[in-house]
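Visitor:
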Amino acid sequence: MPARMLTSRSMEMSGICVDRGRLESASKDFERQLHALEDRIHAIAGETFNIQSHQQLGRILFEKLKLPIQKKTKKKTGYSTDVEVLTSLSMEHELPALVLQYRSLAKLKSTYTDALVDMIHPETNRIHTSFNQAVTATGRLSSSNPNLQNIPVRTEEGRKIRAAFVPRKGWTLLSADYSQIELRLLAHYSGDPILVEAFEQDQDIHARTGAEVFNLLPAVITPEMRRQAKVINFGIIYGMSPFRLSKELGITRKMAKIFIENYFRRYEGVQHFIEETIEKARETGKVTTLLGRHRWLPDILSRNRTAREFAERTAINTPLQGTAADLIKIAMVRIHEAFAQEGLKAKMLLQVHDELVFEVPSKELETVKECVTHLMEGVYSLRVPLKVDLKVGHNWAEAY
DNA sequence: ACAATGGTCC
DNA sequence: ACTCGGACCATTGTA
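In terms of this note's numbering, the first sequence is residues 22 to 421.
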């Protein structure tokens, strides 16, 4: 393969090996569990129906069982039965919890195990995704046919699918991910003293935010407080409203507003960054990433409040998400070139926004780890350090 | 074929 | 009453 080949094209052609047996046995396991759940659900409902039909499920839950209607669907064509609603209904009845279990297993089976097996290329025995370079508004790549950027990771059952992604025989998988890159970019853009200090000292950023917002020492921050602080940090990156934050944290909107006020009291630099970024967007009609990619924001002066506020959130998020995308793409090109230059056989296989996955001959592992870390962390000089975490494994789920 | 709904990832 | 960063894809139900 020519060394000058486009980096993402090379990744598409390399593909990634999946353990077909593991996927197929997971699929059978899911199917068995689905049948068991189906029987229990139908027995409790007192009739057979299509659990995957929102319409039929809604009639069972809200008409037959008379469970409280939490919300209607967007186009108010029916009852919402989404995970939020079913979780809440689980307090009152055993059926919704079983439907949730059924849904998550059905998702894993249809979207992942079964679909991925069908995508194994007959000649290479590997899965070759497409990395689309001109799809997203922020400059991220996207992945399709299949999408390998949303392989499950959160749950135990989901990680069984991730564990089916394996290196070729005698090689090993290496994953390198940027730690908190968007918050580090927020520190860079804003110059906020607390945020900058936290990253200069490589502190646990969510624990630090918890300490600041709740006015406590980091040592006494509980896991629950840290979790709330994490939601707040994500909320800042996304330009989250008090409404959304209150929903995410299960608190009143008034409390959410107080959290946000406390945050900005401590992180004044962040507040200024947000205000300046929106102001500049109003003047120019666009926002720009660190490397000069523009995103136009035609609604930034709209008289429609929803549209305008959406544009304002976009104005905050795009420089962060888009710059992160710029930086990892530069690192990818440099790594691809460096592998060729150094005569390394290691291959870059996947990009998942802030993570790169490589397949590495065992003999090259130490060299490749060093090279990847160096090029990713040194991709661009910022006011705070960039940090990369490495994981090595026999598959994509297991680090050792 | 398309809209609506829901769910997976960063 | 509603708001809600960036993607891709499966299923149901209707046209």
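For every residue, glycine included, the Cβ atom is placed at its ideal position computed from N, Cα and C. The structure presented is a predicted model; accordingly, all values stated were derived computationally and were not measured.
(1) Can you tell me which residues form a DSSP beta bridge with residue 197?
(2) With distances taken from CA atoms, which of 287, 173, 366, 258 is nearest residue 213?
(3) Can you tell me which of the three DSSP states residue 397 falls into?
(4) Give me, in chain order, the residues of the same chain whose beta-carbon lies closer than 6 Å to that of residue 403; leave out the 5 immediate sequence neighbours on both sides.
(5) Are the beta-carbon atoms belonging to residue 260 and residue 338 less than 8 Å from one another?
(6) Would you kindly report the start and end of the unbroken alpha helix (DSSP H) that includes residue 279?
(7) Pull up the distance between the alpha-carbon of residue 299 and that of residue 307, whole angstroms please.
(8) In the DSSP assignment, what are the bridge partners of residue 392?
(9) Under DSSP, the beta strand (DSSP E) around residue 350 begins and ends at which residues?
(10) Run through the segment 86 to 137 for me and flag every whole beta strand (DSSP E) of 3 or more residues, listed as ranges in chain order.
(11) Taking the straight line between their C-alpha atoms, what separation do you get for residue 33 and residue 356?
(12) Give every residue of the same chain whose Cβ lies closer than 7 Å to the Cβ of residue 120, excluding the five residues on either side of it in the sequence, and list them in chain order.
(13) Which residues in the same chain as residue 273 place their Cβ atom closer than 8 Å to its Cβ, once the five residues preceding and following it in sequence are excluded?
(14) If residue 405 sits next to residue 221, beta carbons under 8 Å apart, how far is it from one beta carbon to the other, in whole angstroms?
(15) Indicate whether residue 130 and residue 48 have their beta-carbon atoms separated by less than 8 Å.
(16) In angstroms with no decimal places, state the Cα-to-Cα distance between residue 134 and residue 196.
(17) Does residue 366 come out as helix, strand or coil in the three-state DSSP assignment?
(18) Does the beta-carbon of residue 152 have 16 or more other beta-carbons within 10 angstroms, so that it is buried, or is it exposed?
(19) Does the Cβ of residue 161 have 16 or more other Cβ atoms within 10 Å, making it buried, or fewer, making it exposed?
(20) Where in the segment 194 to 267 do unbroken runs of the alpha helix (DSSP H), each at least 4 residues long, occur, reported from the N-terminal end onward?
(21) What residues in its chain sit with their C-beta under 6 Å from that of residue 228, if we drop five residues either side in the sequence?
(22) Tell me which residue opens and which closes the alpha helix (DSSP H) that residue 35 is part of.
(23) In angstroms with no decimal places, state the Cα-to-Cα distance between residue 314 and residue 58.
(24) Excluding the five sequence neighbours on either side, which residues of its own chain have a C-beta within less than 6 Å of the C-beta of residue 396, listed in chain order?
(25) Is the number of C-beta pairs between the segment 318 to 335 and the segment 247 to 257 that are closer than 8 Å three or more?
(26) Just the Cα atoms here: how many angstroms apart are residue 27 and residue 154?
(27) Should residue 94 go down as buried or exposed, given a rule of 16 or more other Cβ atoms within 10 Å for buried?
(28) Under the rule that 16 or more other beta-carbon atoms within 10 Å means buried, what is residue 166, buried or exposed?
(29) The alpha helix (DSSP H) spanning residue 142 covers which residue range?
(30) Could you check if residue 168 is buried or exposed, using at least 16 other CB atoms within 10 Å of its CB as the buried criterion?
(31) Restricting to Cα atoms, I'd like to know which of 194, 52, 171, 86 is closest to residue 380.
(32) For the alpha helix (DSSP H) containing residue 70, list its first residue and its last residue.
(33) Let me know if residue 362 comes out buried or exposed under the rule of 16 or more other beta-carbons within 10 Å of its beta-carbon.
(34) Relative to the alpha-carbon of residue 67, which residue among 76, 86, 54, 55 has its alpha-carbon at the smallest distance?
(35) Which partner residues does residue 372 have in the DSSP bridge list?
Guide: If we stick to the structure as given:
(1) 377, 411
(2) 287
(3) helix
(4) 209
(5) yes
(6) 274 to 287
(7) 9 Å
(8) DSSP output for residue 392 lists no bridge partner at all.
(9) Premise fails: residue 350 lies in the alpha helix (DSSP H), 326 to 362, not in any beta strand (DSSP E).
(10) none
(11) 16 Å
(12) 62, 72, 78, 107
(13) 267
(14) 6 Å
(15) yes
(16) 22 Å
(17) coil
(18) buried
(19) buried
(20) 202 to 211, 214 to 221, 226 to 234, 244 to 259
(21) 239, 242, 247
(22) 28 to 35
(23) 49 Å
(24) 352, 355, 356
(25) no
(26) 11 Å
(27) exposed
(28) exposed
(29) Element bounds for residue 142: n/a, residue is neither H nor E.
(30) exposed
(31) 194
(32) Element bounds for residue 70: n/a, residue is neither H nor E.
(33) exposed
(34) 86
(35) 377
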